[in-house]
Structures are given as C-alpha cells and as structure tokens.
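full-length UniProt numbering applies: residue 1 is where the sequence shown begins, and numbers increase by one. This report refers to the structure that appears directly beneath it.
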Amino acid sequence: MTDCLSRLFLFDEAQKLIDEYEKKNSPNFVMYMCLLSGARNNRNNNLSEKIYNRMKSLFPDAKQGLVSGAILLANIYSSVGEHQMAKNFRYNQINELRSKVKM
C-alpha cells in the first residue's frame with residue numbers, strides 16, 4: 001500500500017500509513033524504500049534526503065539496504081541536475097558504508 005501511495009505521489013498519506021503501522025510493529029525497511037522510490041519518481045530531492053536520513057537512523061545495521069538507498073538518492077540528485085552533489089554524496093556514503101557491507 002505504501003508503494004501504491006508513493007507512486008501516486010501521495011507522500012503524506014503514505015507517511016500516515018507508515019506511522020500507523022509503526023504504532024504496533026517495528027519499522028519496516030521496505031516501506032521506506034518504497035517511499036524513497038516514489039520521491040525519486042517525483043524528482044523530489046528534499047523529501048528523498050529526509051527519507052534517507054530517517055532510514056539511516058532507524059536501520060543503522062541494514063548496511064546493504066542503505067547502500068541501495070544511497071545510490072537511489074545519488075541518482076535523484078543527478079536527475080534534477082545536481083551532478084556534483086550526486087558525485088560527492090555517492091563517494092561519501094558508499095565509502096562510509098562500504099567498509100561495513102559484506103561483499
């Protein structure tokens with residue numbers, strides 16, 4: 001459901017659904033990736049940054065998933081013309097996470 005709402009750019013409703021879910025369950029990484037993907041489709045880099053930072057705080061041990069999220073966020077920066085920002089972010093985040101990811 002979060003994916004559907006995100007694809008329709010209904011981010012507030014998707015966030016409400018996540019908040020409601022988290023009242024009775026632990027946070028779900030996939031729900032946040034769906035939200036991040038929807039923000040990418042909307043080319044909304046501000047929302048994407050907020051989602052990615054929330055993912056980093058909620059899931060500090062999900063390093064492989066965070067690498068995917070970092071690449072997605074870097075691609076969002078590139079899609080809105082922020083190529084240098086994308087390059088710097090990709091370099092910093094991947095290097096930060098790489099040492100902790102099992103290859």
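Even glycine gets a Cβ: it sits at the ideal position worked out from N, Cα and C.
Across the set Glu82, Glu96 and Leu10, the C-alpha of Glu96 shows the shortest separation from the C-alpha of Lys63. C-alpha of Tyr52 to C-alpha of Phe59: approximately 10 Å in a straight line.
Counting other Cβ atoms within 10 Å of its Cβ, Ser37 reaches 16 or more and is therefore classed as buried. Close CB contacts of Arg54 within its chain, under the 8 Å cut and outside five residues either way in sequence, are with Tyr32 (chain order). By a beta-carbon distance limit of 8 Å, Asn45 contacts Val80. Their separation comes to about 5 Å.
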